[in-house]
Amino acid sequence: MKEINKYRDCLCMLSNEYKEAEVEAEKKDAVCVGLINQKPGKMESFNKTALFVRVSGDKTGMVYLQDLEKDPGEVLREAYENSNYVTTARREAFQKQAEDNFCDDSTLEHTETVILYNKAKELSHEVGKLSDQFSYIEVKLTETIQEYGIVNSYGVDKSCKKKYYEASINLTCCEPVHRSMVKEITKDCLDDIRTELFLEEIREWLDLPVMTGRLTKNDVPAVLHGTVVCNILLTAWQMFAGPEYLSRGSAFSGLLGKKIGSELVNLVDCQNCEGYGYQKDFDCEGTKTKNTYVIKNGRMNGLLHNLDSAGKMGELATGNAGRDVNLISDQTQIRVIPTNFCLEAGDKTQEQLLSMLDEGIYIYESYDMFHSLNIASGDFAIPCKGIVYSKGRPTGVVEGITMSGNMKELLLSIEAIGSRMDSVSMVMSKSFQVLAPGIYVNNLHVTG
Amino acid sequence: MIERNRLQDILELARSKGGDFSEAFFEEQDETNITQTNGMVQGVKTKHIKGVGLYVLAGVQSIYLYSNDTSEASLTDLALRASGLMEITLKQNQKAGTGKTLQEVSHKNPNTILRYPSTVSYKDKIRLLQETYETTKDNNQLLSSQLDYFDTDRRILIANSEGLYTGDRRISSRVRFKMVTGDEKNSFSHWEDYTRAKGFEAFIDNKEYFEFAKNLPVRMENMRTADTIRPGVMPVVLAKGACGTLWHECCGHTLEATAIASKQSFFVDKIGEKVASDKVTLLDDGTLGNYYGSDAIDDEGHKKQRNVLIEDGVLKEYMCDRLHGRMIGRESTGNGRRQNYTFAPVARMTNTYLAPGKDEEEEMIRSLPEGLYVESLGGGFGGTQFSIQVNEGYLIKNGQIDRQIKGIMLTGNGLDIMKKVDRVGKDLGFEGGSFCGAASGLVPVTAMQPMVRISEMSVG
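Protein chains in written order, with the numbering used here: chain A, 1 to 448; chain B, 1001 to 1460.
Okay, structure coming up:
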């Protein structure tokens, strides 16, 4: 990567005070086209490169910068001086495995913007045809070329380029009742952004009953829509992060190897799989990525690790070192982050899942994914909307309700898993996504 | 920094294929972060953000471009990209009028800074964390403690085709407390920020800050060991000060022009109509001195202003940025905000508060046979349906505050809740500030209220 080229010489000839040094670069170049109510809407285009520089003397200091004109020697010096104030017992972990170095010098070009625009226009048009009830239709299609590289004084020298697409549809209906939905997908190929991926769920959403129902029981079997499961996973994945596990900050701390879910449950972080929009060849510490099962057939199988947490547990890093962990995390801290955190699909269609509900509730929408789950205790209280089922038939919509319980109970209570995957990207940073199908649970506490 | 006349040329170029407005937003930000874990300094990090955003409007169509390269060549490239995008989407290539000559305007930032972070040594910042840890470490239930010190020095410059050339400097200081308390069997993780729109003086000889630190693990243990209740509908009394989050979530977001333009609000076409109890007068004021949501200007260069949103229950105004204001036919209200140059500005809250009323605080609880008293709220979610986490809540029994309860959320429909406000106290209280996350990133806000009573609310 040309953005880190000028640091190479400095890294080869480190000052004696510096025991190790590393420069990581992340670059994004993107075009986003948008339509609002079938007309040109919000367009975006950007290119941004950020450098993360770490230098260790006896300890490790760090500098984050976006000003690429700064003198590399001065930046390394600033990071080193920061290290002088650190009082922990040891330096941060650096990647020392240089045998899988590679330089991705492929050329990735942006698609002509008019092609992207026409694709978004077609999507908007097809959605618009579904109903005359829409009062707002916003379609966005983004093409991103992401390039990242890492160079350090141990000879690690890697770079990689990826191109991916994110499409989202934001809908509002004012009649017969006011309601909104968002559907988003990410893909690594523009041709895979297909209209039908959106239409099935939008049709289902339009067909949801609107008459008001009443909650008569609080502990009932339930079907959770895939996006509801995704919203839980957006926070719950942290319960499988090595640092949280080690600090007893996860309700699953100490349960590695134990049964924590029903046998149907397989939770995996897929980091480098064809088809997904988000992919990584190596993480921000330079560790090669892999797919890691954190739950396999209901048993806690593994953890997501960076070099530090893996080292402390005597395990190998899983390539999950990252920064944009949640809404409030600081970019300068290396933590653990998933890429495509996924509840593996089962074999039930949406209709089959709902047909399992005799007396129960279908939770089709939830909100506030970031304040409603405590990862240390596993307790959750999630605001949501649902449809009450009685004698196998929907009887009405209940809003302003809360589903509550504990993650340990929820995972054990899963009796069927759907075959259609939904996905939700991390809000704002778009640094990872979670994917999940709908699930049937034998008991859920619902109030409101 | 690019010369002013060249900047003017670039603003013209960006509009050249039919834009009626263009703006350049330059930003430089320095931030220090010191992380202390269980009394040891774990990391010292410095962060330097620098970049430029270029914004072009053609009616209600918008194009936003940004780069971390602020050179003239990069800006020219962005302007060309903008005109290229405009060409694709505008059916007819409209002729842009000539922009006005840039004229410098300055406004005073209402936040007074005594000790700029850059003038304070790392040793002093680390000493602060050490003294903070000393006040908490003897708590037997504290399993782990992470303290993060942050200070931010943000400088922005805005120039636009209407001739505006203005800037602002924004300083803030914050300590984030992330702690785990409990015992071998059950632990509880929680974080809170102590935030001020001040320099390092925010912490010096500040008894309130150290009391906050000392009390946090105690409060967390009370939260962990509190009782649970069967959820239901009940009267809710919310303490003065930071419980103003209620207003931020239950109606603040739906009063933003972004929600109005996308029809995702119950306030669409309701200006002049009664939307809340007579006791509700709601304001958003970005001019308050030393408040986290205050600045000299918004992120589009408008002077910050005091906006009365609801007066005696009647809807008066929405919060508008330039683009979404255009979409709904209204002027900007100085609410165009963004986390940094990587976001286009949208309408966001600043310091949102419920105006004081005339009711007695003590009577609000005394007159209730049963209900919920909320001492502090956590984060929440806004929209037509809102939800807010209750950090510290107590049952009210026979007019008295009873035992503490945990694991509850306040949920409801904002329009419904606003009509059920039956008491508003006389004293507004204060909030240090927090972040609000939405379409233009995390922006600093405060939300305050006097003690308030809602006659009926869903406690889940």
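Cβ atoms here follow ideal geometry from the backbone N, Cα and C, with glycine treated the same way.
A quick note: this is a predicted structure, and the numbers were derived from the prediction, not measured.
Residue-chain proximity (residue i, chain A), Cβ-Cβ < 8 Å
i         : result
Ser1455/B : no
Gln1141/B : no
Thr1342/B : yes
Ser1062/B : yes
Thr1411/B : yes
Tyr1066/B : yes
Gly1383/B : yes
Gly1084/B : yes
Met1040/B : yes
Nearest neighbour of residue i, chosen from the options [CA to CA]
i         : options                                    : result
Val388/A  : Lys129/A, Glu359/A, Asn231/A               : Glu359/A
Ile1388/B : Gly400/A, Lys296/A, Ser377/A               : Gly400/A
Ile455/A  : Leu304/A, Ile185/A, Met356/A               : With chain A running from 1 to 448 in the structure shown, residue 455/A is simply not present.
Val228/A  : Ile4/A, Met1/A, Val441/A, Leu11/A          : Val441/A
Asn218/A  : Val398/A, Glu3/A, Gly322/A, Met426/A       : Val398/A
Val1280/B : Gly1425/B, Ala1439/B, Asp1183/B, Gly1051/B : Gly1425/B
Lys59/A   : Glu263/A, Glu81/A, His371/A, Lys288/A      : Glu81/A
Ala25/A   : Ser429/A, Lys163/A, Ser262/A, Glu285/A     : Glu285/A
Thr1228/B : Leu1129/B, Ile1405/B, Asp1009/B, Gly1414/B : Ile1405/B
Arg1006/B : Gly1460/B, Ile1417/B, Gly1383/B, Glu1072/B : Glu1072/B
Leu353/A  : Met300/A, Ser419/A, Gly275/A, Glu184/A     : Ser419/A
Val1464/B : Ser1458/B, Gly1441/B, Gly1437/B, Gly1433/B : Summary: the structure shown does not reach residue 1464/B, with chain B confined to residues 1001 through 1460, and so no result is reported for it.
Asp1148/B : Arg1306/B, Arg1154/B, Tyr1133/B, His1253/B : Tyr1133/B
Arg1127/B : His1048/B, Gln1103/B, Asp1285/B, Ile1034/B : Ile1034/B
Val223/A  : Gly386/A, Gly257/A, Glu112/A               : Gly386/A
Asn320/A  : Ser431/A, Pro221/A, Cys103/A, Glu204/A     : Ser431/A
Residue i classed as buried or exposed, judged by whether at least 16 other C-beta atoms fall within 10 angstroms
i         : result
Leu373/A  : buried
Lys1198/B : buried
Met1040/B : exposed
Arg1170/B : buried
Asp1321/B : buried
Lys140/A  : buried
Ile1113/B : buried
Cys10/A   : buried
Ile1401/B : exposed
Glu44/A   : buried
Any chain B beta carbon closer than 8 Å to residue i
i        : result
Ile439/A : no
Gly61/A  : yes
Ser247/A : yes
Tyr367/A : yes
Gln333/A : yes
Ser404/A : yes
Cys284/A : no
Phe198/A : no
His371/A : yes
His225/A : no
Tyr64/A  : yes
Glu78/A  : yes
Asp347/A : no
Asn231/A : no
Residue-chain proximity (residue i, chain E), Cβ-Cβ < 8 Å
i         : result
Asn1033/B : Within the model displayed, chain E is absent; protein chains A and B are what it includes.
Which residues, in chain order, does the stretch 1211-1229 of chain B contribute to contact with chain A at a C-beta distance below 7 Å? none
Contacting positions in the stretch 110-137 of chain A - beta carbon closer than 8 Å to chain B: Thr113, Val114, Tyr117, Ser135, Tyr136
State whether the stretch 1352-1370 of chain B contacts the stretch 373-386 of chain A, with contact taken as three or more CB pairs (one from each stretch) at a distance under 8 Å. no
Interface residues of the stretch 1115-1130 of chain B facing chain A [CB-CB below 8 Å]: Tyr1122, Lys1123, Ile1126
Note down, in chain order, all residues in the stretch 410-430 of chain A with a beta-carbon under 8 Å from any beta-carbon belonging to chain B. Val427, Met428
Three Cβ pairs or more, each shorter than 8 Å: is that satisfied between the stretch 391-399 of chain A and the stretch 249-256 of chain A? no
Are the stretch 318-335 of chain A and the stretch 196-215 of chain A in contact at 8 Å, needing three or more beta carbon pairs? no
Residues of the stretch 10-43 of chain A with Cβ closer than 7 Å to any Cβ of chain B, in chain order: Pro40, Gly41, Lys42, Met43
Below 8 Å between beta carbons is the criterion; list the residues of the stretch 1402-1426 of chain B that meet it against any residue of chain A, in chain order. Gly1407, Ile1408, Met1409, Thr1411, Gly1412, Asn1413
Quick test of the definition: if touching needs 3 or more C-beta pairs under 8 Å, does the stretch 1438-1449 of chain B touch the stretch 1224-1241 of chain B? yes
Can you find at least 3 beta carbon pairs, one from the stretch 67-80 of chain A and one from the stretch 152-164 of chain A, that sit closer than 8 Å? no
For the pair the stretch 62-72 of chain A and the stretch 94-101 of chain A, tell me if three or more CB-CB distances fall below 8 Å. no
I'd like to know if the stretch 1259-1267 of chain B and the stretch 1297-1307 of chain B are in contact, where contact means that at least 3 CB-CB pairs between them fall below 8 Å. no
The stretch 1054-1068 of chain B contacting the stretch 1013-1021 of chain B, beta-carbon criterion three pairs below 8 Å: yes
Can at least three beta-carbon pairs, one atom from the stretch 1176-1189 of chain B and one from the stretch 1141-1155 of chain B, be found at a separation below 8 Å? yes
Would you be able to state if there are at least three C-beta pairs under 8 Å between the stretch 421-437 of chain A and the stretch 341-351 of chain A? yes
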